[in-house]
Amino acid sequence: MRDSVLRHLTETRARHPEAVAEAALRRERRPFLGDSGRLMLVAADHPARGALAVRGRPTAMADRVELLDRLLIALSRPGVDGVLGSPDVLEDLLLLGALDGKVVVGSMNRGGIPGTAFEIDDRFTAYDADAIHRQGFDAGKMLLRVDLGDKASADTLTACADAVSRLAGHGLTAMVEPFWVRRTPDGRAVNDLTPDAMIRAVSIAQGLGRTSAYTWLKVPVVPEMERVMEASTLPALLLGGDPSGAPEETYAAWDKALRLPTVRGLVVGRALLYPPDDDVAAAVDTAVSLL
């Protein structure tokens, strides 16, 4: 299986690069939000930012064929609506025929590499709105980190606002993932997950662009989620985040937050693709059951 997948993808990419566009054109599409009014998306845009670690394994996501295998399992499970990824990952899945009837969200700004001096200058180095529209995908996701001490935040705000406007111009959903940033004593940029910080980040994110008609939020589960989500009327998806602690505690927190009126589903990556027992299907099924 592994060798055949690798051979198929590398041969197709080397000899027939036009196959990507052809597969996108053939792809069976579906409404962004189905009859249930809920969404379950699997995220796989982490490697494009060099974020390969999972549960203490520094290069867990580095094996691309293994990542694809885990994604294929997740996408095959009942109740999984689609996937969020960077062009390389989504195009592999297109060539494998795994995106028919799925919601597909293109990840847009992957330039803010963690730990670098330019981390907050989060450039749009992956999809843009025109490419997402041309591929027949359904939405674009962007990360917005606001750092009071870094002037690069202004450029990221401007770029995200432009992306929201351009996606809306195509009638496509803009999925904005906002964070307020604080600095540790050694100068590292870390996300401030206190309720007040998230309320401030959400308030800024929902005002980006010429219209908010097509804007959704992608937010982490933090303390006092009721108060955080009261800051907006926009539909929101919960961010699964980096896996830590017991899975049962994570699922309980998701379950509670999913009951809030503006929360419409989950976007989860590493927590489901690399569970402690490596049973991807069981982890995905548990998350789906919460919806």
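The working numbering puts the first residue of the sequence shown at 20, with every later residue one more than the last.
Even for Gly, the Cβ is constructed at its ideal location relative to N, Cα and C.
These figures come from a predicted structure and were not determined experimentally.
Asked, Found
"Same chain, Cβ closer than 8 Å to P77, five either side skipped, listed in chain order", "L71"
"Span of the beta strand (DSSP E) around A63", "L58 to A63"
"Segment contact, 8 Å Cβ cut-off, at least three pairs: the stretch 82-93 with the stretch 269-276", "no"
"Residues of its chain near G284, where Cβ-Cβ distance is below 8 Å and the 5 sequence neighbours each way are ignored", "R57, L58, M59, L60, D100, L256, L257, L277 and L310"
"Other residues of its chain near A43: CB distance less than 7 Å, five sequence neighbours each side excluded", "L113, Q154 and G155"
"Range of the contiguous beta strand (DSSP E) that encloses D200", "Correcting the residue type first, residue 200 is Val in the shown sequence and not Asp. Here the beta strand (DSSP E) through V200 covers T192 to R202."
"CA-to-CA distance, Y270 to R246, given in whole angstroms", "20 Å"
"Simplified DSSP state of P295, which is helix, strand or coil", "coil"
"Residue range of the beta strand (DSSP E) that includes D147", "Careful: D147 lies outside any beta strand (DSSP E) and carries neither H nor E."
"Which of helix, strand or coil DSSP assigns to R46", "coil"
"Given R129 as reference, the closest of P204, E41, T175 and R207 once Cα atoms are compared", "T175"
"Residues of its chain near S184, where Cβ-Cβ distance is below 8 Å and the 5 sequence neighbours each way are ignored", "G228, R229 and T230"
"Sheet register partners of P239 (DSSP bridge)", "L258"
"The stretch 129-148 touching the stretch 167-182, judged by at least three CB pairs closer than 8 Å", "yes"
"Expected contact under 8 Å - CB spacing of E47 and G120 to nearest Å", "5 Å"
"Buried/exposed call for H27, threshold 16 Cβ in 10 Å", "exposed"
"Status (buried if at least 16 other CB within 10 Å, exposed otherwise) for V209", "exposed"
"Limits of the unbroken beta strand (DSSP E) element including A208", "A208 to D211"
"Which residues DSSP lists as bridging L162, in chain order", "E196"
"Short Cβ contact (8 Å threshold) for A14 with A187", "Because the chain here runs from 20 to 310, residue 14 falls outside it and cannot be looked at."
"C-alpha distance - P242 paired with H65, whole-angstrom precision", "25 Å"
"Whole-angstrom C-beta distance between A63 and V102, which should lie under 8 Å", "6 Å"
"Rounded distance between the beta-carbons of M127 and M161, thought under 8 Å", "5 Å"
"Presumed contact (8 Å Cβ cut-off) between T281 and T252, rounded CB distance", "7 Å"
"Test item: CB-CB of G159 and L191 under 8 Å", "yes"
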